[in-house]
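Residue numbers (the numbering used here), protein chains in the order written: chain Y, 563 to 778; chain P, 563 to 778.
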C-alpha cells in the first residue's frame, strides 16, 4: 500500500460526531487530507454496518483514500472495502489474512512488542496505542507512551501507526518516534471543523507536505 | 441439504446452559438426535466465537450433523463451518449467499410471508417465528402462531423451520403445519437432560422415526 496514505487515518465514531452524519464527517476528513477512513460500529447490527459501508465506499474512493472496516471481515468482503482492521479480541489476524484476498489491506492493533512481531507477519500495518491518554476508548487500557511506539517501529517491517489521544500538538513526537502515520478519532470527528483539524495534524506532523498532498 | 437433519435444530445459548459447557450440551443434543447445531453469540467478541466454533466443529462433524454460525459469515468461513444463519438485521441474505461458496448452507429468519419469499430466493431454509411465546429472545416480537408457518410452508420451495417456544408438547402441530423441522433453544440447552429432551422432541414430531434416526 502507498505508505503516505497512512499519515492520517481517521476512525469514524457516530457518538462523537456531534449529530453530523458519518458521510459528512468523512467528506470533511478526506478534504482535509485523511488517507484512510475506518468504519467501526462494535455495537451495530451487521445490516447497519453494511449500509453505512455501502454509503461511504464511493466517497472514500473518490478521494483516492482507503476504506477499512473494523472487525467484520464479512462486511468488508460484502462491500468490497479496501481492508479490515482487527484487534486482539477479534478474529485472529492469520485467519483474516486467509479470508482477505492477498491484496486486501489488513491492520492489527497491538499493545506490546510481542503482539507487534506476531501481527507483522500477516498485517500490512500495525497500530500501537494508546500512545497518550484518551477518553474515546475507555477499555483501551493505560497509555503506553512513545517508547513502545519507538520499539515497535524499530522492530517490525511494516508501517506503524500511533493511536490514542493524538492531535496536532503531539503528532510530531509520534513521527519522530517512527510512526508512519497517526490514527485519530476525536481529534477529527469531534472537531468544530474536521477538515481543518485533519489538515492541521498533517501540517504538524509532516511540514514538508501540503495538507493531504501525500494521500492522493 | 439432507432435509431430515433439519428436524431438530438446536441453537446454543451459554446463559441458558446452566453452567454446562457448550461442548457438553452440544454432545448431549447430538446424542439425542439434533441434526443441526447453531452457534450464536451476539455479544461475543470475534475471537470468542471463533474459538468456540473451532472447538465444536469436529464434535458436530463426528455426528454427521451441521454446524451453523449465527450472523458472522467471516467466522463461519474462517472455521469452515457448514453454513450461516442470518436475521433481518444482519448482512443481507443476497450478500451472504455471495460470500458463502454455493455449497455453504444459508438460513434466514423471517417474520412475514414477504420476507419468506425474498429469503427463499437465496436461502437453503427459512425459519419462521416466534411460533409460540418465548422468553428466550425478548426482542423477537409477538408470536406469529401456526398460521404464518402454514402460509410460508405452502408458499416457498425451501424447507421451513418453526422456532420460538417449541417443545415436545407442541412440535407435532408445527409438523402438521408444514414445518420440515423445529429450532429450539431452551427446550434442549436448558433441559435437565438435553439428550432425552432432544429425543423426546423428535419422537413427538416424527413418530415413525427413531430418535435422531433421520439425522445420520
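Think of the CB as a built atom: it goes at the ideal place given N, C-alpha and C, for glycine as much as any other residue. Nothing here was measured: the structure is a model prediction, and the numbers come from that model.
Distance between residue j and residue i (C-alpha atoms, nearest Å)
{"i": "residue 693(P)", "j": "residue 729(Y)", "result": "54 Å"}
{"i": "residue 739(P)", "j": "residue 650(P)", "result": "23 Å"}
{"i": "residue 571(Y)", "j": "residue 607(P)", "result": "24 Å"}
{"i": "residue 774(P)", "j": "residue 619(P)", "result": "Residue confidence for residue 774(P) is low, a pLDDT of 39 falling below 50, so the modelled location carries little weight and cannot support an answer."}
{"i": "residue 695(P)", "j": "residue 718(P)", "result": "24 Å"}
{"i": "residue 697(P)", "j": "residue 580(Y)", "result": "37 Å"}
{"i": "residue 772(Y)", "j": "residue 743(Y)", "result": "Note that residue 772(Y) scores a pLDDT of 45, beneath 50, so its modelled location is shaky and nothing firm can be said."}
{"i": "residue 621(Y)", "j": "residue 764(P)", "result": "53 Å"}
{"i": "residue 776(P)", "j": "residue 768(P)", "result": "Caution applies to residue 776(P), whose pLDDT of 34 falls short of 50 and renders its modelled position unreliable; the model cannot decide the point."}
{"i": "residue 676(Y)", "j": "residue 624(Y)", "result": "37 Å"}
{"i": "residue 691(P)", "j": "residue 566(P)", "result": "20 Å"}
{"i": "residue 720(P)", "j": "residue 646(Y)", "result": "34 Å"}
{"i": "residue 722(P)", "j": "residue 672(P)", "result": "10 Å"}
{"i": "residue 582(Y)", "j": "residue 582(P)", "result": "46 Å"}
{"i": "residue 758(P)", "j": "residue 665(P)", "result": "32 Å"}
{"i": "residue 727(Y)", "j": "residue 642(P)", "result": "39 Å"}
{"i": "residue 732(Y)", "j": "residue 745(Y)", "result": "12 Å"}
{"i": "residue 680(P)", "j": "residue 662(Y)", "result": "29 Å"}
{"i": "residue 597(P)", "j": "residue 577(Y)", "result": "43 Å"}
{"i": "residue 735(P)", "j": "residue 575(Y)", "result": "48 Å"}
{"i": "residue 699(Y)", "j": "residue 616(P)", "result": "30 Å"}
{"i": "residue 631(P)", "j": "residue 754(Y)", "result": "43 Å"}
{"i": "residue 591(Y)", "j": "residue 638(P)", "result": "35 Å"}
{"i": "residue 725(P)", "j": "residue 701(P)", "result": "14 Å"}
{"i": "residue 705(P)", "j": "residue 708(Y)", "result": "56 Å"}
{"i": "residue 741(P)", "j": "residue 674(P)", "result": "15 Å"}
{"i": "residue 712(P)", "j": "residue 648(Y)", "result": "44 Å"}
{"i": "residue 756(P)", "j": "residue 710(Y)", "result": "50 Å"}
Buried or exposed by the 16-neighbour rule on C-beta atoms within 10 Å, applied to residue i
{"i": "residue 640(P)", "result": "buried"}
{"i": "residue 678(Y)", "result": "buried"}
{"i": "residue 762(P)", "result": "buried"}
{"i": "residue 636(P)", "result": "buried"}
{"i": "residue 703(P)", "result": "exposed"}
{"i": "residue 600(Y)", "result": "buried"}
{"i": "residue 660(P)", "result": "exposed"}
{"i": "residue 594(P)", "result": "buried"}
{"i": "residue 626(Y)", "result": "exposed"}
{"i": "residue 716(P)", "result": "exposed"}
{"i": "residue 760(P)", "result": "buried"}
Where residue i sits in the DSSP three-state scheme
{"i": "residue 718(P)", "result": "coil"}
{"i": "residue 612(P)", "result": "helix"}
{"i": "residue 599(P)", "result": "strand"}
{"i": "residue 774(P)", "result": "Confidence at residue 774(P) is low in this model, with a pLDDT of 39, below 50, so the placement of that residue should be treated as unreliable; the coordinate-derived value is given next. Correct three-state label for residue 774(P): coil."}
{"i": "residue 731(P)", "result": "coil"}
{"i": "residue 724(P)", "result": "strand"}
{"i": "residue 671(Y)", "result": "strand"}
{"i": "residue 573(Y)", "result": "strand"}
{"i": "residue 689(P)", "result": "strand"}
{"i": "residue 578(Y)", "result": "helix"}
{"i": "residue 629(Y)", "result": "strand"}
{"i": "residue 648(P)", "result": "strand"}
{"i": "residue 747(Y)", "result": "coil"}
{"i": "residue 765(P)", "result": "helix"}
{"i": "residue 759(Y)", "result": "helix"}
{"i": "residue 605(P)", "result": "coil"}
{"i": "residue 641(Y)", "result": "helix"}
{"i": "residue 684(P)", "result": "coil"}
{"i": "residue 624(P)", "result": "helix"}
{"i": "residue 703(P)", "result": "coil"}
{"i": "residue 593(Y)", "result": "helix"}
{"i": "residue 634(P)", "result": "coil"}
Given residue i as reference, the closest of the options once Cα atoms are compared
{"i": "residue 766(P)", "options": "671(P), 737(P), 617(P) and 756(P)", "result": "737(P)"}
{"i": "residue 669(Y)", "options": "708(Y), 705(Y) and 629(Y)", "result": "629(Y)"}
{"i": "residue 634(P)", "options": "603(P), 597(P) and 663(P)", "result": "603(P)"}
{"i": "residue 667(P)", "options": "648(P), 674(P), 644(P) and 688(P)", "result": "644(P)"}
{"i": "residue 714(P)", "options": "596(P), 755(P) and 688(P)", "result": "688(P)"}
Residue i Cβ short of 7 Å to the ligand MN heavy atom set
{"i": "residue 768(P)", "result": "As presented, the structure is devoid of all ligands, the ligand MN included, so that no description of it is given."}
Exercise. With contact counted as at least three CB pairs below 8 Å, one residue from each stretch, are the region 652–666 of chain Y and the region 677–687 of chain Y in contact?
Worked result: In short, these stretches touch, since the Cβ pair count reaches three.
Exercise. When the Cβ atoms of the region 569–588 of chain P are set against those of the region 596–614 of chain Y, are three or more pairs found closer than 8 Å?
Worked result: By the Cβ rule, the region 569–588 of chain P does not count as touching the region 596–614 of chain Y, because fewer than three pairs are nearer than 8 Å.
Exercise. Would you say the region 577–591 of chain Y touches the region 750–769 of chain Y, given that touching needs at least three Cβ pairs under 8 Å?
Worked result: The region 577–591 of chain Y, when compared against the region 750–769 of chain Y, does touch it at the 8 Å Cβ threshold.
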